[in-house]
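The working numbering applies: residue -14 is where the sequence shown begins, and numbers increase by one. Glycine is no exception: its CB is placed at the ideal position from the N, C-alpha and C atoms. Here the structure is laid out as structure tokens; the discussion comes afterwards.
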Amino acid sequence: MESSKNSNIVQLVLIAALVGAAFYIGGLSSKVGRLEEANKNTGAPSQGAEKTGTFDSVALASSLGLDSGAFKNCVDSRETKSRVEEEEKGGQSAGVSGTPGIFMFDTQTGNSAVIPGAVDSTTMQLFLDNVIAGKSTTLGTQEFKLEKVEKLVALNDMDYVRGDKSARVLLFEYSDYDCPFCKRVHPTLQTLISENAGKVAWVYRQFPLDQLHPTARAKSEAALCAGKLGGNDAFWAFSDALAKL
């Protein structure tokens, strides 16, 4: 009898444990489901998980009126490889580690505002106004002071520039064509330039992040080939198209 009672007790304990485990697993599953749904709804891009659109560099070059044969030869022989590497090293020297790396450089004072990533149009305009006024910019509780970026490579004849090169403020962007944040900020910068003619010019420099975006370097080289064959306008048209992929 004692053995039978003990057996019944053990069975009851096991049943209770199984019921408790079922409730726990069900609750955990519900929590995970809610977290997954919340992540879907944030809309925040991920540097490592985004998908890039189909890219045919020769077709794009041809659509812009470039000689497709000459363009293909430039890309296949990697004629612009060293230029990409040079711009990349310049960004690293200036302290760029991620993209977009954006500096608003005041040519009158030599000071720069380091922009914290892909900010919206209103914030970008605020930074520009404050750079011209010689003021720091406060976002929430964080203050972004104007500073000397000693190793920022100066504007040179090899740069592709959108806007007036003699503008007071030069906006240097170190960018990766496959970076989702770079794609997000591209139209923001287009708006900034169009609405502040003569005040600011946009200088685009290559900074492909190979570990995150394996095809970005090839796109950088292709964009520079477009510029080499078609000049400043061709480079920017090519870059605008890449930003939409």
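Item	Value
Residue of 208, 206, 227 minimising C-alpha distance to residue 165	227
Which of helix, strand or coil DSSP assigns to residue 104	coil
Distance CB(residue 214)-CB(residue 51) smaller than 8 Å	yes
Close Cβ partners of residue 150 (< 8 Å) along its chain, the five nearest in sequence each way excluded	140, 186
Contacting residues, own chain, Cβ-Cβ under 8 Å from residue 134 (five flanking each side not counted)	79, 80, 88, 90, 97, 99
Nonlocal neighbours in the same chain, by C-beta distance under 7 Å from residue 45, ignoring five residues either side	223, 226
For residue 92, three-class secondary structure by DSSP	coil
Reference residue 117, options 125, 124, 126, 130, closest by Cα	130
Range covered by the beta strand (DSSP E) that runs through residue 248	The question about residue 248 has no answer, for the chain in this structure spans -14 to 230.
Outcome for residue 124 when other beta-carbon atoms lying within 10 angstroms are tallied against a minimum of 16	exposed
Beta-carbon spacing of residue 75, residue 86 below 8 Å	no
Chain-order list of residues whose beta-carbon lies under 6 Å from that of residue 57 (same chain, five-residue window excluded)	43
Which of helix, strand or coil DSSP assigns to residue 139	coil
Terminal residues of the beta strand (DSSP E) in which residue 42 lies	It is not in any beta strand (DSSP E) - residue 42 instead sits in the alpha helix (DSSP H) that spans 42 to 48.
Span separating the alpha-carbon of residue 157 from that of residue 40	26 Å
In DSSP terms, what residue 187 is bridged to	147, 156
Under 8 Å between C-beta atoms of residue 229 and residue 162	no
Sequence-distant residues of the same chain with beta carbon closer than 8 Å to residue 209, five excluded per side	65, 68, 69, 191, 220
Residue 120 versus residue 217 - alpha carbon distance	32 Å
Buried or exposed by the 16-neighbour rule on C-beta atoms within 10 Å, applied to residue 193	buried
Inter-residue spacing [alpha-carbon to alpha-carbon] between residue 59 and residue 207	8 Å
Pair within 8 Å by beta-carbon distance, residue 146 and residue 188	yes
Spatial distance of residue 107 from residue 153 (CA atoms)	20 Å
Cβ neighbour criterion (16 or more within 10 Å) applied to residue 168	buried
Selected residue, minimal CA-CA separation from residue 177, among 71, 63, 109	109
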